[in-house]
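S.K.: Residue numbers (this note's numbering), protein chains in the order written: chain A, 17 to 145; chain B, 17 to 145.
Built from N, CA and C at the ideal position, the CB exists for glycine as well.
If you're wondering where the values come from, they're calculated on a predicted model, not measured in any experiment.
Sharing a structure with you now.
There are 2 protein chains.
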Amino acid sequence: MKENNPDKFILTSECPIRQVLDRFGDKWSMLVVELLSHRGRLRFSEIGQNIEDISQKMLTVTLRSLESDGLITREIFPEIPPRVEYELTSLGKSLVPHIMSLTSWGIEHMATILENRKAYELKQKKTTY
Amino acid sequence: MKENNPDKFILTSECPIRQVLDRFGDKWSMLVVELLSHRGRLRFSEIGQNIEDISQKMLTVTLRSLESDGLITREIFPEIPPRVEYELTSLGKSLVPHIMSLTSWGIEHMATILENRKAYELKQKKTTY
DNA sequence: AGCCTTACTTACTTTTTAGTAACAATCGTG
DNA sequence: CACGATTGTTACTAAAAAGTAAGTAAGGCT
Numbered sequence: 017m018k019e020n021n022p023d024k025f026i027l028t029s030e031c032p033i034r035q036v037l038d039r040f041g042d043k044w045s046m047l048v049v050e051l052l053s054h055r056g057r058l059r060f061s062e063i064g065q066n067i068e069d070i071s072q073k074m075l076t077v078t079l080r081s082l083e084s085d086g087l088i089t090r091e092i093f094p095e096i097p098p099r100v101e102y103e104l105t106s107l108g109k110s111l112v113p114h115i116m117s118l119t120s121w122g123i124e125h126m127a128t129i130l131e132n133r134k135a136y137e138l139k140q141k142k143t144t145y
Numbered sequence: 017m018k019e020n021n022p023d024k025f026i027l028t029s030e031c032p033i034r035q036v037l038d039r040f041g042d043k044w045s046m047l048v049v050e051l052l053s054h055r056g057r058l059r060f061s062e063i064g065q066n067i068e069d070i071s072q073k074m075l076t077v078t079l080r081s082l083e084s085d086g087l088i089t090r091e092i093f094p095e096i097p098p099r100v101e102y103e104l105t106s107l108g109k110s111l112v113p114h115i116m117s118l119t120s121w122g123i124e125h126m127a128t129i130l131e132n133r134k135a136y137e138l139k140q141k142k143t144t145y
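Here is the structure:
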């Protein structure tokens, strides 16, 4: 769906919002970043225990992608049983305020949004039947 | 994956980041909001032309959910062929700075992230073989 | 010898998300 | 009387994301 662009403000697939959303708009990445920001250095199991409903697999996947992007470090302690600790890098820390920004908006407006949605549903029912 | 919570900072399914991401972390919602913020009142086809690769279906779905949440208004002009115009509400406008915040981070750091990812891939190859 | 622990990995299945393409509605125009 | 214009809807399909559950490693403990 595209044609001419009269006013030249096209949101292409390379634009920054899309890149950020593609990488961190998933279910868990921002949560892990925020948790590490709040709690500092944590090991695998501690992260898992503080994020509701995350599976081991998704925690692994999420941590790996954050590590690969340079947002967190991963330190392995060669003990038995194994211990691995994760911590935000400075790059990771630099993301935090921007997540907080979104979070604060959510805190402020989420109730209104849920009300709006409810009202919209009712309106739909009325006009449909 | 959860047990005890020693330091009581659990990210539950009702926490604001998760709610915001669940609703606006999709592929298109934030793009539509940013576009309307930049360009003001637009009709359906104009939005479609300014967001690369969005399908008619996803544009409809996205606009409906934004409308239902009260972030945009939808005005129908009873003409032939039909004309429908969309515009941000004040609630929608209030989201914009927070999206911009994320966007600006992306602009600043996305190149670094891509380099990090590349370096990480190389490192993996080396240690694997 | 068998079980415990932690941090994974793997194979498989389910769920969610998104894409494609055809159709609807309606009036003016050629 | 078929066609074009615009904003959709619908059915179907494909792809991506995520969940589940079992397995692995390695040493300590009983």
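Name the residue from A:Ser-29, A:Tyr-102, A:Lys-139 whose alpha carbon lies nearest to the alpha carbon of Thr-220 (chain A).
M.R.: Summary: the structure shown does not reach residue 220 (chain A), with chain A confined to residues 17 through 145, and so no result is reported for it.
S.K.: Mind checking who Ile-88 (chain B) pairs with in its DSSP beta bridge?
M.R.: Here residue 88 (chain B) refers to the residue found at position 72 when the second sequence is read from its first residue. DSSP lists B:Leu-104 as partners of Ile-88 (chain B).
S.K.: Could you give the C-beta distance for Trp-121 (chain A) and Ser-110 (chain B), rounded to a whole number, given that I count them as a contact under 8 Å?
M.R.: Position 105 of the first sequence, counting from 1, holds the residue named residue 121 (chain A). Position 94 of the second sequence, counting from 1, holds the residue named residue 110 (chain B). Sure, about 7 Å apart at Cβ, within 8 Å.
S.K.: Pull the bridge partners of Leu-27 (chain B) from the DSSP assignment, please.
M.R.: Here residue 27 (chain B) refers to the residue found at position 11 of the second sequence. Secondary-structure assignment with DSSP links Leu-27 (chain B) through a beta bridge to A:Ile-67.
S.K.: Measuring CB to CB, does Arg-39 (chain B) end up less than 8 Å from Asp-85 (chain B)?
M.R.: Working through the second sequence from its first residue, we reach residue 39 (chain B) at position 23. Working through the second sequence from its first residue, we reach residue 85 (chain B) at position 69. Their beta carbons are under 8 Å apart, which means Arg-39 (chain B) touches Asp-85 (chain B) by this criterion.
S.K.: Would you identify the three-state DSSP class for Arg-133 (chain A), choosing helix, strand or coil?
M.R.: The residue labelled residue 133 (chain A) in the question sits at position 117 within the first sequence. Reduced to three states, the DSSP call for Arg-133 (chain A) is helix.
S.K.: For a contact meaning CB atoms closer than 7 Å, what does Thr-28 (chain B) contact in chain A?
M.R.: On the second sequence, position 12 is the one that residue 28 (chain B) refers to. Ordered by position in chain A, the residues that pass the 7 Å Cβ test against Thr-28 (chain B) are Glu-68.
S.K.: Examine the Cβ distances between the region 41–54 of chain B and the region 34–53 of chain A and report whether three or more of them are shorter than 8 Å.
M.R.: Flag = yes, the region 41–54 of chain B and the region 34–53 of chain A touch.
S.K.: Let's test the definition: count the other Cβ atoms within 10 Å of the Cβ of His-114 (chain B) and tell me whether it reaches 16, buried, or not, exposed.
M.R.: For the purposes of this step, residue 114 (chain B) is identified with residue 98 of the second sequence, where counting begins at 1. His-114 (chain B) is buried by the Cβ-count criterion.
S.K.: Relative to the alpha-carbon of Phe-93 (chain B), which residue among B:Leu-58, B:Gln-65, B:Leu-52, B:Leu-104 has its alpha-carbon at the smallest distance?
M.R.: Here residue 93 (chain B) is taken as the residue at index 77 of the second sequence, counted from 1. Nearest of B:Leu-58, B:Gln-65, B:Leu-52, B:Leu-104 to Phe-93 (chain B), Cα basis: B:Leu-58.
S.K.: Within a Cβ cutoff of 6 Å, which residues of the same chain sit near Glu-50 (chain A), ignoring the five residues on either side of it in sequence?
M.R.: Against the first sequence, residue 50 (chain A) aligns to sequence position 34. So the qualifying residues of the chain are Ile-115.
S.K.: How would you label Ile-96 (chain A), buried or exposed, when you count the other beta carbons within 10 angstroms and need 16 or more for buried?
M.R.: Here the question's residue 96 (chain A) lines up with position 80 in the first sequence. Of the residues assessed, Ile-96 (chain A) falls on the exposed side of the cut-off, its CB having fewer than 16 other CB atoms within 10 angstroms.
S.K.: Going by DSSP, what residue range makes up the alpha helix (DSSP H) through Asp-38 (chain B)?
M.R.: Counted from its first residue, the second sequence places residue 38 (chain B) at position 22. Asp-38 (chain B) -> alpha helix (DSSP H) spans 32–40.
S.K.: Taking 8 Å as the CB-CB cut-off, is Glu-50 (chain B) touching chain A?
M.R.: The count along the second sequence starts at 1 and reaches residue 50 (chain B) at position 34. Closer than 8 Å to some Cβ of chain A, the Cβ of Glu-50 (chain B) qualifies, so yes.
S.K.: Quick one: grab the DSSP three-state call for Tyr-145 (chain B).
M.R.: Start at 1 with the first residue of the second sequence, and residue 145 (chain B) comes out as number 129. Low local confidence applies: a pLDDT of 46 at Tyr-145 (chain B) is under 50, so the model's placement there is unreliable, with the coordinate-based value given in what follows. Residue state, collapsed to three classes: coil.
S.K.: Might you give, ordered along the chain, the residues of its own chain that have their beta carbon closer than 6 Å to the beta carbon of Arg-107 (chain B), omitting 5 neighbours on each side?
M.R.: Taking the second sequence and counting its residues from 1, one reaches residue 107 (chain B) at position 91. For clarity, residue 107 (chain B) is Leu in the given sequence; the question names Arg instead. The answer, listed in chain order, is Gly-86, Leu-87.
S.K.: Using 8 Å as the limit for Cβ to Cβ distance, is Gly-108 (chain A) near chain B?
M.R.: What you label residue 108 (chain A) is simply residue 92 of the first sequence in a count that begins at 1. Closer than 8 Å: no.
S.K.: Give me whichever residues DSSP pairs with Leu-58 (chain B) in a beta bridge.
M.R.: Numbered from 1 along the second sequence, position 42 holds the residue referred to as residue 58 (chain B). Leu-58 (chain B) pairs with B:Tyr-102.
S.K.: Is there at least one Cβ from chain B nearer than 8 Å to Phe-60 (chain A)'s Cβ?
M.R.: If you number the first sequence from 1, residue 60 (chain A) lands on position 44. Output row for Phe-60 (chain A): interface = no.
S.K.: Would you call the CB atoms of Leu-52 (chain B) and Leu-104 (chain B) closer than 8 Å?
M.R.: Counted from its first residue, the second sequence places residue 52 (chain B) at position 36. Counted from its first residue, the second sequence places residue 104 (chain B) at position 88. Yes, Cβ-Cβ distance for Leu-52 (chain B) and Leu-104 (chain B) is below 8 Å.
S.K.: Hey, is Val-36 (chain B)'s beta-carbon within less than 8 Å of any beta-carbon in chain A?
M.R.: Working through the second sequence from its first residue, we reach residue 36 (chain B) at position 20. The beta carbon of Val-36 (chain B) sits closer than 8 Å to some beta carbon of chain A.
S.K.: Would Val-100 (chain A) and Phe-60 (chain A) qualify as a contact pair, given that the criterion is a beta-carbon distance under 8 Å?
M.R.: Along the first sequence, one-based indexing puts residue 100 (chain A) at 84. Along the first sequence, one-based indexing puts residue 60 (chain A) at 44. Yes. Within cutoff.
S.K.: At the 8 Å Cβ level, is Arg-133 (chain B) part of the contact set with chain A, yes or no?
M.R.: Residue mapping note: residue 133 (chain B) aligns to position 117 of the second sequence, counting from 1. Output row for Arg-133 (chain B): interface = yes.
S.K.: Please compile the residues from chain A whose C-beta is within a distance smaller than 8 Å of the C-beta of Leu-102 (chain B).
M.R.: Taking the first residue of the second sequence as position 1, residue 102 (chain B) is located at position 86. Correcting the residue identity first, residue 102 (chain B) is Tyr in this sequence and not Leu. Near Tyr-102 (chain B) there are no residues of chain A at all, since even the closest Cβ is about 15 Å away, more than 8 Å.
S.K.: For Leu-27 (chain A), which residues of its own chain have a beta-carbon under 8 Å away from its beta-carbon, when the five flanking residues on both sides are left out?
M.R.: Numbered from its first residue, the first sequence carries residue 27 (chain A) at position 11. Ile-33, Arg-34, listed in sequence order.
S.K.: How many whole angstroms separate the CB atoms of Leu-118 (chain A) and Leu-118 (chain B), which I take to be in contact at a CB cut-off of 8 Å?
M.R.: Within the first sequence, the letter at position 102 stands for residue 118 (chain A). Within the second sequence, the letter at position 102 stands for residue 118 (chain B). Yes, they are in contact, since the Cβ atoms of Leu-118 (chain A) and Leu-118 (chain B) sit about 7 Å apart, within 8 Å.
S.K.: Can you give me the C-alpha to C-alpha distance between Ile-63 (chain A) and Gly-56 (chain B), rounded to a whole angstrom?
M.R.: Position 47 of the first sequence, counted from the first residue, corresponds to residue 63 (chain A). Position 40 of the second sequence, counted from the first residue, corresponds to residue 56 (chain B). So the two alpha carbons sit approximately 42 Å from each other.
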